[in-house]
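Residue numbers (the numbering used here): 22 to 243. Glycine residues also receive a C-beta, built at the ideal position from the N, C-alpha and C atoms. Predicted model, so just to flag it, every value in this text is computed and none were measured.
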């Protein structure tokens with residue numbers, strides 16, 4: 022039993038992450054890539070909250086509770102070690118608070134992506150953004166420019182990134198980069214369309230002035 026438990030603890034995460042990496046490779050470079058064939062991308066609850074970004078946070082609240090428990094135990098058993106006990110408790114509380122904040126940001130992001138179905142068609146070089154009330158088709162014929170919104174600065178990895186498509190009729194539609202699964206995807210679909218980098222200093226961003234998708238979609242499955 023102990024051997025089986027040890028095996029699961031050591032190898033189960035390795036197998037899980039390997040499968041996810043293979044899936045990511047297939048979706049970005051392989052036969053599941055939007056550069057190769059038409060695909061539709063959605064983000065339901067299970068898929069969104071099983072991403073690496075979220076899963077890597079899961080042990081941290083347990084560690085925070087462990088540190089807090091150690092601090093309380095130290096305070097009870099060794100009253101003369103008050104400073105050490107307080108430091109452990111504060112460290113535990115800080116870890117839980119940081120993870121809670123990150124999860125709140127992830128939940129806000131999920132609310133932005135959960136209702137969208139994005140279809141990439143490499144043959145026609147179109148991106149169809151569908152919501153409950155309708156859809157819009159973005160192509161080189163109706164696209165004026167693309168804004169890339171991010172808080173990337175220097176060598177620091179960006180916390181978020183959004184692509185805003187500005188159409189020739191002045192409507193605007195944004196997609197989080199969770200939907201952009203392949204490198205150079207936008208260059209492949211919209212070669213020659215101007216792309217503008219818009220840098221932000223905030224830890225959170227919500228697309229502003231996006232146009233509502235109100236046209237009813239007559240096509241099932243989108």
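Considered as a whole, the segment 54–130 harbours 66–69, 73–76 and 80–98 as its complete alpha helix (DSSP H) runs of no fewer than 4 residues, in chain order. Within the same chain, and ignoring the five residues on either side of residue 157 in sequence, the residues whose Cβ sits closer than 7 Å to its Cβ are 150, 194 and 234. Under DSSP, residue 184 shares a beta bridge with 169 and 196.
130 is the residue among 130, 60, 99 and 211 whose C-alpha sits nearest the C-alpha of residue 228. DSSP links residue 151 through a beta bridge to 138 and 156. The residue from 222, 215, 219 and 206 with its alpha-carbon nearest to that of residue 58 is 206. Excluding residues up to 5 positions away in sequence, 64 and 134 lie with their Cβ nearer than 7 Å to the Cβ of residue 199 in the same chain. Contact check between the segment 69–85 and the segment 110–124: three or more CB pairs, one atom from each, fall below 8 Å, which counts as touching. With a beta-carbon spacing of about 12 Å, residue 201 and residue 186 fall beyond the 8 Å limit used to define contacts.
The continuous alpha helix (DSSP H) containing residue 206 extends over residues 206–210. In chain order, 169 place their CB closer than 7 Å to the CB of residue 218, counting only its own chain and leaving out the 5 sequence neighbours on each side. If you look at residue 218, you'll find it in the beta strand (DSSP E) that goes 216–220. Around residue 91, the same chain offers 109 as residues with beta carbons nearer than 6 Å, after the five sequence neighbours per side are excluded. By the neighbour-count definition (other C-beta atoms within 10 Å, threshold 16), residue 148 is a buried residue.
Here residue 54 is buried, its C-beta having at least 16 other C-beta atoms within 10 Å. Taking a contact as a CB-CB distance under 8 Å, the pair residue 184 and residue 196 counts as one, their CB atoms being some 5 Å apart. Taking a contact as a CB-CB distance under 8 Å, the pair residue 113 and residue 86 counts as one, their CB atoms being some 6 Å apart. Secondary-structure assignment with DSSP links residue 164 through a beta bridge to 188.
Across the set 61, 71 and 204, the C-alpha of 71 shows the shortest separation from the C-alpha of residue 128. A straight line joining the alpha-carbon of residue 192 with that of residue 75 spans about 33 Å. In this structure, DSSP gives residue 146 a state outside helix and strand, which the three-state scheme calls coil. In this structure, the CA atom of residue 96 is about 18 Å from the CA atom of residue 115.
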